[in-house]
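Chains as they are written, first to last, in our numbering: chain A, 1 to 365; chain B, 1001 to 1365. Note that CB positions come from ideal geometry on N, CA and C, so glycine has one too. Remember, predicted model here, so these are calculated numbers, not experimental data.
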């Protein structure tokens, strides 16, 4: 729950800027570009980020070495990759050590902790470099109590067909649109990239399994103090063979009033577990609603579709087709901005509230 | 995964011997009575365990103090309670400290670690007392890989309508019956009591959430080396608002071939979350089968019913009634021994195997 102080990041991605393992870097470049002085990646050095990844909207320079990045005045080196298992790629270690020696703060979103690395710790002590392991959760998380059932704010949770289908992005785009309209909104970060962007949060995949629901609940209770609507970043998928426990921790622990289902067009199976074929989206909606019906009922009120691989026309068709198949409002908030989804969420919350009021009135009479 | 060396336990329950918080003690008294010299609990002192809890079949004496227990020659003090949140009850601390000073090994199944307690650690260093925090998982658990899908052994997982409905007990009773018939069986312990009984295992509720499925997979791979059938102790319930992430970790990570549903007669809601009403058992069977159908399909092959609150005749009726409602073999393995359930599991595995063979033959022709 560390608060973000103004940082000027050099983001280290060394060979992994493009592709799924670079998603930490992508998130920060997209939503905190103002805080990035350079990306360090010798594979793409000499270009700007928008020449390699135009969708991010970042003009940060890509340089080949820490030495070059230092000329641009960073205060921190961000280890900007998310590898399977969370280990630091060996190719990055020399740069990290050099940055420690240069006194830069090291900001690390990997599972592997800087503070568990004796060499890094020793050299940081000598140089005065600060170390921030973003994934390390607070050590005083309580068990889930049910208090989240009683918050006055409306809680909206992003769910998804898989990892890396745009759950964080959808919530951030909706947050931006809602704030532009003056709504009292809080974004709840539950993963390392989200925490880097929001400046606080808990990496729930790093929390002891008995306490994941409790962590989600605490995040919601905290955010609800200052917001009418709380947007919770989701993780994984209920059908993910490896990561579903984290997904269920958020689904049960954040006690959502409404769900936004996120999906990438064309995805038909869980990445890395191609034997796990996904149901169609209408069924995925029903599966989620059925699961939480006995605990705290909530409906899927909108679908966020990642259409980044499609042309404008194809995207329009995919959005229309998905809306027809599911009967739900559908949009790509990156392509079209978050306002459409935000309005759909508001309507969904409103109609759920009316249904609850009717049920309460019926119970009284 | 520490191996159990022969221990002579004094079990400390101080006021909590009877009731749900005493379940660690109950498990050890039921399945490792040979290793227990005394229970320390001033509320019941002067009696034998079978006078207070006849169902456990233990004649161990209950004494009021460590001093009295020491006359019976224990080698270890077992902190025999499972409190919410895993804190040591303050009333137990003086006895634990005295046992440390007396040089007894301290065996602790609580979330709170002895090794994080400076006073206990310091006094243990002086007296030479060993400290075993049973819940602390190994620190080298890999992510789930899918290797569990390919083990040759049949994997049977206990699932349940809630916590504390007899999942561990059912698997241990079936293990006992199967071993008596000469079957090559391994019991996989996933909670502190099971680990104390089996001498190895991982307390999955203490594993970082991203690695729970990986922990379950490693346990299965390890057990499958020496067994034709692996019985996995389940945890929690898919509808438990707080603990479901652990449940899903086992359901997905152990990649079971067959499920045994455990339930206590009369239970209608999740303990502590009475708003969460349970579906009937036939629906609970369908819910579990539907959840894993996309990942690794498995069927519920038998139901283990805890009828301990009923008379003999009531129990017979409840078992017959449940069998009728679900169409599945049903038994109370504590009341009637595990042989009936073991035979039902064998039949279930066999008929699943035949169905798979038929499907494979159809695919070839």
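Closest residue to residue 1183 of chain B among B:1298, B:1345 and B:1212 (Cα-Cα distance): That would be B:1345, whose Cα lies nearest to the Cα of residue 1183 of chain B.
Same chain only: Cβ atoms within 6 Å of residue 62 of chain A, ignoring 5 sequence neighbours per side: Answer for residue 62 of chain A: 39, 41, 44, 45 and 47, listed in chain order.
Any C-beta of chain B under 8 Å from that of residue 84 of chain A: Output row for residue 84 of chain A: interface = yes.
Closer than 8 Å to chain B by CB, residue 1 of chain A: Any reading at residue 1 of chain A needs caution, since the residue's pLDDT is 43, under 50, leaving its predicted position unreliable; the model's value is listed next. Cβ-Cβ to chain B under 8 Å: no for residue 1 of chain A.
Reduced DSSP secondary structure (H/G/I, E/B, other) of residue 1294 of chain B: When secondary structure is reduced to three states using DSSP, residue 1294 of chain B falls in the coil class, being assigned neither helix nor strand.
Alpha carbon of residue 1111 of chain B to alpha carbon of residue 1357 of chain B, nearest angstrom: Going by C-alpha positions, residue 1111 of chain B is about 45 Å away from residue 1357 of chain B.
Close-in-space but distant-in-sequence residues of the same chain around residue 1236 of chain B (CB under 7 Å, 5 per side omitted): Excluding residues within five positions, the ones whose Cβ falls inside 7 Å are 1163, 1243, 1244, 1246 and 1247.
Limits of the unbroken alpha helix (DSSP H) element including residue 1358 of chain B: That run of the alpha helix (DSSP H) goes 1339-1364.
Residue 1288 of chain B in three-state terms, based on DSSP: Looking at residue 1288 of chain B - three-state DSSP - the assignment turns out to be helix.
Span separating the alpha-carbon of residue 17 of chain A from that of residue 216 of chain A: Using only the alpha carbons, I get a separation of about 30 Å.
Neighbour flag for residue 1369 of chain B against chain A, beta carbons, 8 Å: Given that chain B is displayed from residue 1001 to residue 1365, the structure contains no residue 1369 of chain B and the question cannot be resolved.
Cβ distance (whole Å) where residue 299 of chain A is taken to contact residue 259 of chain A below 8 Å: Indeed they touch by this definition, with Cβ atoms about 7 Å apart.
Near-chain A residues of the region 1189-1221 of chain B (beta-carbon distance less than 8 Å), N- to C-terminal order: Against chain A - using a Cβ distance shorter than 8 Å - the residues of the region 1189-1221 of chain B are 1204, 1205, 1206, 1207, 1208, 1209, 1210, 1212, 1213 and 1214.
Cβ-based burial, residue 1090 of chain B [other Cβ within 10 Å; buried from 16]: Counting C-beta atoms within 10 angstroms of its own C-beta, residue 1090 of chain B has fewer than 16 neighbours from the protein chains shown and is therefore classed as exposed.
Top-ranked residue by Cα proximity to residue 238 of chain A, from B:1333, B:1249 and B:1228: For residue 238 of chain A, the nearest C-alpha among the options comes from B:1249.
Residue 1192 of chain B and residue 1024 of chain B closer than 8 Å at C-beta: Cβ atoms of residue 1192 of chain B and residue 1024 of chain B: closer than 8 Å.
Reduced DSSP secondary structure (H/G/I, E/B, other) of residue 1002 of chain B: Low local confidence applies: a pLDDT of 45 at residue 1002 of chain B is under 50, so the model's placement there is unreliable, with the coordinate-based value given in what follows. Of the three classes helix, strand and coil, the one that applies to residue 1002 of chain B here is coil, per DSSP.
Length of the line joining the Cα atoms of residue 1303 of chain B and residue 1330 of chain B: CA-to-CA, the gap between residue 1303 of chain B and residue 1330 of chain B works out to about 5 Å.
Contact list for the region 246-263 of chain A against chain B, Cβ threshold 7 Å: So the list reads 246, 248, 249 and 252, given in the order they occur along the chain.
Nearest candidate by alpha-carbon position, reference residue 324 of chain A, set A:280, A:355, A:352 and A:157: Cα-wise, what sits closest to residue 324 of chain A is A:280.
Beta-ladder partner(s) of residue 78 of chain A, from DSSP: The partner list for residue 78 of chain A (beta bridge, DSSP) reads A:11 and A:107.
Helix, strand or coil at residue 1313 of chain B [DSSP, three-state]: DSSP places residue 1313 of chain B in the helix class (H, G or I) of the three-state scheme.
Cβ-Cβ distance between residue 1010 of chain B and residue 1037 of chain B below 8 Å: Yes, these two residues count as a Cβ contact at 8 Å.
Residue of A:168, A:209, A:129 and A:225 minimising C-alpha distance to residue 197 of chain A: Closest in C-alpha terms to residue 197 of chain A, from the list A:168, A:209, A:129 and A:225, comes A:168.
8 Å Cβ cutoff met for residue 1133 of chain B and residue 1115 of chain B: The answer is yes: Cβ separation under 8 Å.
For residue 267 of chain A, the three-state DSSP class (helix, strand or coil): DSSP places residue 267 of chain A outside both helix and strand once states are collapsed to three, so it counts as coil.
Residue(s) in a DSSP beta bridge with residue 367 of chain A: Nothing about residue 367 of chain A can be read from this structure; chain A reaches only from 1 to 365.
Residue 232 of chain A beta carbon less than 8 Å from that of residue 224 of chain A: Taking 8 Å as the cut-off, the beta carbon of residue 224 of chain A is found no closer than this to the beta carbon of residue 232 of chain A.
Residue environment, residue 67 of chain A, which counts as buried when at least 16 other CB atoms sit within 10 Å: Exposed, because fewer than 16 other Cβ atoms sit within 10 Å of the Cβ of residue 67 of chain A.
Beta-carbon neighbours of residue 31 of chain A, restricted to chain B and to distances below 8 Å: Neighbours of residue 31 of chain A on chain B: none; closest Cβ ~24 Å, over 8 Å.
Selection from A:361, A:349 and A:342 that minimises the alpha carbon distance to residue 171 of chain A: Minimum Cα distance to residue 171 of chain A is reached at A:342.
Buried or exposed by the 16-neighbour rule on C-beta atoms within 10 Å, applied to residue 1296 of chain B: Around the beta carbon of residue 1296 of chain B, 16 or more other beta carbons lie within 10 angstroms, which makes this residue buried.
Residue range of the beta strand (DSSP E) that includes residue 273 of chain A: That run of the beta strand (DSSP E) goes 273-277.
Whole-angstrom distance between residue 1305 of chain B and residue 1321 of chain B, CA atom to CA atom: Between residue 1321 of chain B and residue 1305 of chain B, the C-alpha separation is close to 11 Å.
Residue 1195 of chain B, DSSP secondary structure in three states: If DSSP states are grouped into helix, strand and coil, residue 1195 of chain B belongs with the helices.
Pair within 8 Å by beta-carbon distance, residue 276 of chain A and residue 1209 of chain B: No.
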